[in-house]
Amino acid sequence: MVDRSPDNSPHGDLTRQLRRWVDGEAGAREEVINQAYGQLKQLARQRLSRERDGHTLQPTALVHEAWLKLAQNEPVDWRDRVHFVAVAARAMRQILVDAGRRRSAEKRDASNLTTIQLQAEAESPHTVEILDLDEALIELEKLDVGQAQVVELRYFGGLTIEETAALLDLSVATVNRDWRAARAWLFVKLNEAGSR
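When you line the sequence shown up against numbering that gives the first Met the number 0, it's residues 0 to 195, in that order.
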């Protein structure tokens, strides 16, 4: 997998640093931390901006927890920046779901649940609980693994259609189709969950 960013772009530089880290070069891990931190924090800010007011998880805490998950696991053979963001997206999803479960278990008060905003094509955004989204994504994964991957990469990873297509080795048209179909399915599924 090749990062399609120009070599002199910040994305191309992160890809080079990831490769140096994989090769075991001294200081490369710290360079990845320095370069990726801003990108991960921006991604975390985007995800958390969709929560209800009063949520307790802050972007910095989400980035730190995600980084700990990435650093504590077995060494990854990072292919490029897109691969790194995809793995970070999975970590952030897990952290948000775990936070939602903890809050739900601690206080059965709906005002303390972790929520996000979901938007279908011609609809205004509405808030859904992150645990409902995770449950729906698990169900979608059983029906269509590709669509579930596209949602995770686009929503939690903030990847573009083109980056998602490159990472999954699919055409842009296929990713667009999967993205539209998955969003429509999730919109219906989550509306059902919200009406219960």
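Just so it is clear, CB atoms sit at the ideal spot from N, CA and C, and this is done for glycine as well.
Local conformation of residue i per DSSP, three classes
i: Glu24; result: coil
i: Trp77; result: coil
i: Leu169; result: coil
i: Asp133; result: helix
i: Gly37; result: helix
i: Thr14; result: helix
i: Thr158; result: According to the sequence displayed, residue 158 carries Leu and not Thr. Correct three-state label for Leu158: coil.
i: Ala109; result: Confidence in Ala109 is poor, its pLDDT being 48 and thus under 50, which makes the residue's placement too unreliable to answer from.
Whole-Å CB distance - residue i paired with residue j, under 8 Å assumed
i: Leu169; j: Arg80; result: Going by Cβ atoms, the distance from Leu169 to Arg80 rounds to 18 Å, so no, they are not a contact pair.
i: Leu222; j: Ala85; result: Residue 222 cannot be examined here, being either before or after the span of the chain that is shown, 0 to 195.
i: Leu69; j: Ala87; result: 6 Å
i: Leu67; j: Ala35; result: Incorrect: roughly 13 Å between the Cβ atoms, too far for contact.
Through-space distance from residue j to residue i, alpha-carbon basis
i: Ala165; j: Asn190; result: 31 Å
i: Glu64; j: Leu47; result: 14 Å
i: Lys188; j: Ile137; result: 12 Å
i: Leu132; j: Ala25; result: 40 Å
i: Gly94; j: Val62; result: Strictly speaking, residue 94 in this sequence is Ile, with Gly absent from that position. Their Cα atoms are separated by approximately 10 Å.
i: Trp184; j: Ala135; result: 9 Å
i: Gly23; j: Arg182; result: 40 Å
i: Ile32; j: Phe83; result: 12 Å
i: Met91; j: Leu130; result: 13 Å
i: Ala109; j: Val96; result: Note that Ala109 has pLDDT 48, beneath the 50 cutoff, so the model's placement of it is unreliable and no number is given.
i: Ser103; j: Pro58; result: 20 Å
i: Arg89; j: Phe155; result: 7 Å
i: Val150; j: Arg28; result: 29 Å
i: Asp143; j: Arg100; result: 25 Å
i: Ala180; j: Phe186; result: 10 Å
i: Glu162; j: Leu56; result: 28 Å
i: Gly145; j: Asp177; result: 7 Å
i: Thr173; j: Glu30; result: 35 Å
i: Leu139; j: Ala147; result: 6 Å
i: Leu42; j: Arg78; result: 20 Å
i: Ala60; j: Arg44; result: 11 Å
Residue range of the alpha helix (DSSP H) that includes residue i
i: Glu64; result: 58–71
i: Gly145; result: 144–150
Any non-hydrogen atom of the ligand NAD within 7 Å of residue i CB
i: Val144; result: This structure lacks the ligand NAD, and indeed carries no ligand of any kind.
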